[in-house]
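Novice: Under our numbering, the first residue of the sequence shown is numbered 7, with each subsequent residue one higher.
Every residue gets a Cβ at the ideal spot worked out from N, C-alpha and C, and that includes glycine.
As the structure is a computational prediction, the values presented were derived from the model and not from experiment.
Got a structure for you, questions after.
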Amino acid sequence: MALDNIVTVVGQLTADPELRHTKKNIPVASFSVAHNDRIFDRESEEWVDGEPTFVRASYWRESGENFAESHSKGDRVILVGKLKQNDFTDKEGNERSTLELIVEEAGPSNKFATTTATRRKGNGNRSSSKPKAKASASVKAGADDAGSDDDFDF
């Protein structure tokens, strides 16, 4: 049995994702999500919000850029990734540690909203061994033709 550290987090974005670039010009989107369970209180016969859980997350490279361009504060998102522990010493000299989700896949939740996906051109889905077809203004992304940006036959 193989063990892995893959987790799924569903929650609301607490702020717009912050897109920055490292010194080596690698894009990374940083953001946090909040999740809280709603509990039915039988005495008051009302739904009550539970304690929120906040998760910091980083989404790297072009996927992070896509995420930052596509989502904003309040959006409900589904994140899949690995937890990473960061140890540090605070200003008072105390040893601290935090958990951060390094996102591998992300998307909008359709539980309370509808969404539309738009495929980006040139997203690296085509293997380098295949010749690239010439683009034409009449070719639509996702069409079943040689101008498509991916290797998938839908």
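One question on the structure: do Val61 and Val39 come within less than 7 Å of each other, judged by their Cβ atoms?
Specialist: yes
Novice: Looking at Ser78: is its Cβ nearer than 7 Å to the Cβ of Asp43?
Specialist: no
Novice: Classify Phe37 as buried or exposed, calling it buried when 16 or more other Cβ atoms lie within 10 Å of its own Cβ.
Specialist: buried
Novice: When DSSP builds the beta bridges, which residues end up paired with His41?
Specialist: Bridge pairing for His41: Thr59 [DSSP].
Novice: Using a threshold of 7 Å, state whether the C-beta atoms of Val34 and Ser64 are closer than that.
Specialist: yes
Novice: Sort out for me which residues DSSP pairs Ala35 with in a bridge.
Specialist: Leu25 and Tyr65
Novice: Hey, quick one: how far does the beta strand (DSSP E) through Gly80 stretch, first residue to last?
Specialist: First-last for Gly80: undefined, no H or E at that position.
Novice: State the DSSP-derived secondary structure class of Ala119, mapped to helix, strand or coil.
Specialist: coil
Novice: For a test of the three-state rule: what should DSSP assign to Glu110, helix, strand or coil?
Specialist: Note: Glu110 maps to strand in three-state DSSP.
Novice: Quick check on Gly99: buried or exposed, where buried means 16 or more other Cβ atoms within 10 Å of its Cβ?
Specialist: exposed
Novice: Which same chain residues end up closer than 8 Å to Asp93 when comparing Cβ atoms and leaving out the 5 residues on each side of it in sequence?
Specialist: Glu101, Arg102 and Ser103, listed in sequence order.
Novice: Is it true that the CB of Ala112 sits closer than 7 Å to the CB of Leu89?
Specialist: no
Novice: Cβ of Arg26 within 6 Å of any heavy atom in the ligand ATP?
Specialist: Absent from the structure shown: the ligand ATP. Ligands present: none.
Novice: In its own chain, which residues sit with a C-beta less than 7 Å from the C-beta of Thr28, not counting the 5 before and 5 after it?
Specialist: Cβ within range, chain order: Val34.
Novice: Looking only at its own chain, which residues have a Cβ that is under 8 Å from the Cβ of Pro114, when we skip the five neighbours before and after it?
Specialist: Ser76, His77, Asp81, Arg82, Val83, Ile84 and Thr121
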